[in-house]
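Here's the structure, in structure tokens; my notes come after.
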Amino acid sequence: MKKWMALVLALVMVLSLAACGSKKVDETTKAPDTKGTEKEETEAADTTAAKEDTEAGSAGDVNGDGKIIVGYIAKNTVDAFHATLNKTAEAKLDALVNEGTIDEWKMLDGQSDPIIQCNLLEDALNMGADLIVLLPAEAAGSAPILERCKEEGVPCLVVNSMTDNTEELATAFVGSDDVQAGEMMAEYVQSVYPEGGKYGHVQGVIGNSAQIQRSEGIHNILDADSKWEMLDEQSGEWQAEKAVKFAEDWLGRWGDDLTCIICEDDGSSAAVQTSMNSKGRTDMVCIGVNGEAAALDMIQKGEMQATIYQDGAGQVGKAIELIPDILSGKSVEKSYMIDFVLITKDNVEDYIQ
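So, in structure tokens, the structure goes:
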């Protein structure tokens, strides 16, 4: 009996080992099911790519929030020249929204104060701005804006006047050569008074790049001409009332010896010319820069002789035309210059809107 049971047990063990061996062979020789593995790898790759797209954002989407937002930091929203620039910018930026190039934009009023402009940049970055358009209030005071844009990887387009670091840090600058404007004013008064004369100079806001360069242009020409003498030079800070105060003081001090008054903006020159006309000095040339409506109207009426036209609308328009290329990663030129134009009674009709 014991022998019989031992024989049965041995037989069971043999059969069990055979079954296990058969299973191992089947698993080893069976062709691998790669279909499921490939599908899983593809899904994983798609998930990774989607995650990277979300993190990096689309072209131009610096912070990856899925929107393209432009922050427009205006110099101010009150004076006539910048009102023209801002109006042009509004129309062109709205067009970029309508065509789907950007999702939204916001105008921020710098109030001609560089500290306010710097604070407004932080507001723009906090709202998710992917590109900044800057019209600087001052060359030095507004420079930190470009430094912050570089830190955040946000492109910055500088328009009309320059900061101290524009050439180094701006994505592009669009404006005009303000030295040229100063030289053109000086050359015009030379042409009107070939015998020379004595003049007063009303500057803009000290430290603004336009003020610096226009003053440079005036001095380039008249300092080298022995027939000309500067009686006084004061900053009217682009304010007509201050310019008139200086002009009337000069007239009271020097009378007929005061040949002409050179201003660095049209708001000042038009106001000064009006004041001089009212005091019987219609012979006096008062000239400025920008080609603002008031100056053009006076030239058309024969109440003023000339101005130097600055195409501010063309400047800001060109800057905004660069935005699609910048957002798509294309290279743009670092500087775009638009020439000034001397306006007199001979061509004023071409510039009156």
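Residue numbers -18 to -1, 1 to 335, in mature numbering (1 follows the signal peptide of the UniProt record, and there is no 0), belong to the letters of the sequence shown in order.
Think of the CB as a built atom: it goes at the ideal place given N, C-alpha and C, for glycine as much as any other residue.
Assumed close pair residue i, residue j - CB separation to whole angstroms, cut-off 8 Å
i, j, result
"Thr241", "Tyr181", "6 Å"
"Phe155", "Ser313", "The Cβ separation is near 15 Å, so there is no contact."
"Ile50", "Ile84", "4 Å"
"Asp91", "Thr59", "5 Å"
"Arg130", "Leu113", "Going by Cβ atoms, the distance from Arg130 to Leu113 rounds to 13 Å, so no, they are not a contact pair."
"Val171", "Val141", "Not confirmed; about 29 Å, so no contact."
"Ala277", "Ala301", "Ala277 to Ala301, Cβ: 24 Å. No contact."
"Ala119", "Lys57", "5 Å"
"His183", "Ile244", "5 Å"
"residue 337", "Ser217", "Given that the chain is displayed from residue -18 to residue 335, the structure contains no residue 337 and the question cannot be resolved."
Length of the line joining the Cα atoms of residue i and residue j
i, j, result
"Lys283", "Pro126", "45 Å"
"Gly199", "Trp232", "22 Å"
"Glu303", "Ser260", "45 Å"
"Met167", "Ala111", "40 Å"
"Asp61", "Trp210", "32 Å"
"Arg196", "Glu246", "7 Å"
"Asp160", "Ala192", "6 Å"
"Gln221", "Ala152", "29 Å"
"Ala275", "Ala163", "18 Å"
"Gly249", "Asp47", "43 Å"
"residue 351", "Asn190", "Past the boundaries of the shown model lies residue 351; the chain is included only from -18 to 335, so the question cannot be answered."
"Ala38", "Ser158", "With a pLDDT of 35 at Ala38, under the threshold of 50, the modelled position of this residue cannot be trusted; read the value that follows with caution. Taking the straight line from one Cα to the other gives about 36 Å."
"Ile320", "Gln297", "7 Å"
"Gly299", "Lys74", "7 Å"
"Cys100", "Ser124", "7 Å"
"Gly178", "Thr264", "18 Å"
"Thr256", "Met109", "45 Å"
"Val226", "Gly135", "45 Å"
"Arg235", "Val267", "18 Å"
"Leu128", "Asp328", "42 Å"
"Thr148", "Phe228", "33 Å"
"Leu204", "Gly237", "21 Å"
"Val174", "Gln287", "10 Å"
"Asp239", "Leu213", "9 Å"
"Pro96", "Lys88", "18 Å"
"Met258", "Leu117", "32 Å"
"Asp146", "Ala122", "6 Å"
"Asp105", "Glu315", "28 Å"
Neighbour flag for residue i against chain D, beta carbons, 8 Å
i, result
"Glu169", "Going by chain labels, chain D is absent from the structure shown, which holds only one protein chain."
Beta-bridge partners of residue i, as assigned by DSSP
i, result
"Ile114", "Gly53, Cys138"
"Glu211", "Lys180"
"Ile325", "Thr289"
"Leu90", "Ile55"
"Gln216", "Val184"
Residue i, buried or exposed, once every other Cβ within 10 Å from all chains shown has been counted against 16
i, result
"Ala77", "exposed"
"Gly42", "buried"
"Met280", "buried"
"Asn272", "buried"
"Ile305", "buried"
"Asp207", "exposed"
"residue 405", "No statement about residue 405 is possible, as the shown extent of the chain runs from -18 to 335 and does not include it."
"Pro176", "exposed"
"Glu165", "buried"
"Gly82", "exposed"
"Ile308", "buried"
"Asp293", "buried"
"Gln335", "exposed"
"Ser143", "buried"
"Thr326", "exposed"
"Ser94", "buried"
"Gly262", "exposed"
Exercise. Which ranges would you report for the alpha helix (DSSP H) in the region 45 to 83 if only whole runs of at least 4 residues count?
Worked result: As far as the region 45 to 83 is concerned, its whole alpha helix (DSSP H) runs of at least 4 residues are 62 to 80.
Exercise. Unbroken alpha helix (DSSP H) runs of length 4 or more, entirely within the region 241 to 320: which are they?
Worked result: Correct list: 248 to 260, 275 to 283, 294 to 303, 305 to 309.
Exercise. Counting only runs that start and end within the region 146 to 208, where is the alpha helix (DSSP H) found for 4 or more residues in a row?
Worked result: Given a length threshold of 4 residues, each whole run of the alpha helix (DSSP H) inside the region 146 to 208 is given here in chain order: 148 to 151, 160 to 174, 191 to 204.
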